[in-house]
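Chemist: Before I ask anything, here is the structure I am working with.
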Amino acid sequence: MNASEAPVFGDADWNQYRARVAAALTDVEADMQQRGYGLNCEGLTLEVAERLQLGVATAEDFEVLEALVKALLPVAREAVRATREEQAGQYYLLLI
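The sequence shown begins at 1056 in the working numbering and counts up one residue at a time.
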């Protein structure tokens, strides 16, 4: 599915989609912080698209997903901060 075809506000599955994007963004943000890297919004958007297997083949696809990433970035950063505080800076690595 391309990002421009994803659910939008008001669709029945909007909350589920938004939650998936927020979870992916939180994972990306945690990964980048653990590695000591930083990504701009464009990089975060592409990482989220890859993790959710969303197509960003056109400028419209990218813009739609980037807008959602920008809106959810404070939520993701707060989730990472809260997790770090709760676990005293430690993250569990799940090795598969």
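Yeah, the Cβ is synthetic: ideal placement off N, Cα and C, and Gly gets one too. In this text, all values refer to a predicted model and were calculated from it rather than measured experimentally.
Tell me whether D1116 is buried or exposed, calling it buried when 16 or more other Cβ atoms sit within 10 Å of its Cβ.
Modeler: Numbered from 1 along the sequence shown, position 61 holds the residue referred to as residue 1116. Result: buried.
Chemist: According to DSSP, is G1065 part of a helix, a strand, or is it coil?
Modeler: Position 10 of the sequence shown, counted from the first residue, corresponds to residue 1065. G1065 falls in the coil class under three-state DSSP.
Chemist: State buried or exposed for T1113, treating a residue as buried only when at least 16 other CB atoms are found within 10 Å of its CB.
Modeler: Position 58 of the sequence shown holds residue 1113. T1113 should be labelled exposed.
Chemist: Might you give, ordered along the chain, the residues of its own chain that have their beta carbon closer than 7 Å to the beta carbon of K1125, omitting 5 neighbours on each side?
Modeler: Mapped onto the sequence shown, residue 1125 falls at position 70. Closer than 7 Å at Cβ, skipping near neighbours: C1096.
Chemist: Which residue from Q1088, F1064, G1065 and A1077 puts its Cα closest to that of R1106?
Modeler: Walking along the sequence shown from the start, residue 1106 turns up at place 51. Looking at the Cα atoms, A1077 is the closest of the given residues.
Chemist: Whose CA, out of L1123, R1090 and N1057, lies closest to the CA of N1070?
Modeler: By 1-based counting over the sequence shown, the position of residue 1070 is 15. Nearest of L1123, R1090 and N1057 to N1070, Cα basis: L1123.
Chemist: Under 8 Å by Cβ, that's how I've got V1111 and L1120 pegged, so tell me the actual separation to the nearest angstrom.
Modeler: For the purposes of this step, residue 1111 is identified with residue 56 of the sequence shown, where counting begins at 1. For the purposes of this step, residue 1120 is identified with residue 65 of the sequence shown, where counting begins at 1. Contact flag correct, Cβ pair sits at about 6 Å.
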